[in-house]
Amino acid sequence: VKSDSPEEHHQVKAEQGMVLLKALVEEAAVAGVVGVKEAMLNYKEEVARLECHKGLLMQQVLRLEEELEGVDEAHRQLHDTALQQVEAIEKRDTIIAELTAALASSSSATMPTAMIPQGTPRAQAGRLPHIQELWAEMKVPLLHRCRFMVGVDTNDTLLQEAEHRYLLWQLNGLDAKALGVHLARQTQVLERERQDIYMRLKRLPRADQDDILRAYGIDLKSKLRKKQLIDKLTSRVEAARGGTICREDCKLMLQLTAPKNKAF
1106 VKSDSPEEHH QVKAEQGMVL LKALVEEAAV AGVVGVKEAM LNYKEEVARL ECHKGLLMQQ
1166 VLRLEEELEG VDEAHRQLHD TALQQVEAIE KRDTIIAELT AALASSSSAT MPTAMIPQGT
1226 PRAQAGRLPH IQELWAEMKV PLLHRCRFMV GVDTNDTLLQ EAEHRYLLWQ LNGLDAKALG
1286 VHLARQTQVL ERERQDIYMR LKRLPRADQD DILRAYGIDL KSKLRKKQLI DKLTSRVEAA
1346 RGGTICREDC KLMLQLTAPK NKAF
């Protein structure tokens, strides 16, 4: 048998190479089509997932908007309640001021008969200890306690009786739920009072600050000395019991909260 010439041998190799290359191209094309199909399928699944997530987010946004509307309504009701309480306190303070003026103008230091409501019994002595207990229970603002203890004579049983009856009326007029709301709100009021007194103290001249700190035995070089003073000052007023009147502490607190610290 006659062997192939070199030219024929090269031609056979070239044809085999072309067949192999064509097969590889076709395989790659098929793989590419499959890859594109898989990519499109993944893309559609991702779009569907994002659309679902978007829908969930929209539901959350709508729910949050509804909750915010409810919070706004609760804040409005809370604001209205606070205004009512402020009006009640102002009315009480006005009555106390009128009674104080009436007593001051009376030589016998008794309320004029025309100002005494019919059926009102005479006040009993020693109301102040119970008043202080009610102040603590009802979380009455410290400034009101200070004004009362500084402005009312310890022997003035009539004004003590008026304050005592008001506190009992307020306490007995609240059910358990309303009392809880009231106490939570009053806790915030007490905290705002402390912050306000602290800021007023910071506005004082340095010399006045140092004098007050020395008077309360606080080291001028200690850290948080102003906070120490406020804690000591407010805790004394809050802890007053048994008819004890921390008059100097009350006077200082009222001076600090006076308009532009006029007392200094």
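In this note's numbering, the protein residues as written are 1106 to 1369.
Positions of the beta carbon are idealized from the N, C-alpha and C atoms, including for glycine.
Which of helix, strand or coil DSSP assigns to residue i
i: threonine 1292; result: helix
i: histidine 1115; result: helix
i: aspartate 1280; result: coil
i: leucine 1325; result: coil
i: alanine 1134; result: helix
i: threonine 1262; result: helix
i: alanine 1363; result: coil
i: valine 1139; result: helix
Euclidean distance between Cα positions of residue i and residue j
i: glutamine 1300; j: arginine 1346; result: 24 Å
i: tyrosine 1271; j: threonine 1262; result: 14 Å
i: glycine 1140; j: valine 1124; result: 24 Å
i: glutamate 1131; j: glutamate 1120; result: 17 Å
i: glutamine 1333; j: aspartate 1315; result: 13 Å
i: glutamine 1275; j: alanine 1267; result: 12 Å
i: alanine 1363; j: arginine 1341; result: 20 Å
Inter-residue CB distance, residue i and residue j (contact presumed, cutoff 8 Å)
i: tryptophan 1240; j: arginine 1232; result: 12 Å between Cβ atoms; not a contact.
i: leucine 1359; j: arginine 1252; result: 7 Å
i: valine 1257; j: glutamine 1265; result: 7 Å
Residue nearest to residue i in terms of C-alpha spacing, selected from the options
i: leucine 1248; options: Glu1298, Gln1121, Lys1337 and Glu1151; result: Glu1298
i: isoleucine 1302; options: Lys1331, Ala1344, His1235 and Gln1275; result: Lys1331
i: arginine 1305; options: Ala1344, Leu1357, Val1342 and Glu1353; result: Leu1357
i: tyrosine 1321; options: Asp1336, Arg1290 and Leu1309; result: Asp1336
i: glutamine 1291; options: Lys1127, Lys1244 and Asp1280; result: Lys1244
N- and C-terminal bounds of the alpha helix (DSSP H) containing residue i
i: isoleucine 1350; result: It is not in any alpha helix (DSSP H) - isoleucine 1350 carries neither H nor E in the DSSP assignment.
i: valine 1056; result: Missing from the structure shown is residue 1056; the chain here goes from 1106 to 1369 and no further.
i: arginine 1319; result: 1311-1320
i: arginine 1232; result: Arginine 1232 -> no alpha helix (DSSP H), and no H or E assigned at all.
Proximity test, Cβ basis, 8 Å: residue i and chain B
i: valine 1294; result: Chain labels in this structure do not include chain B; a single protein chain is all it has.
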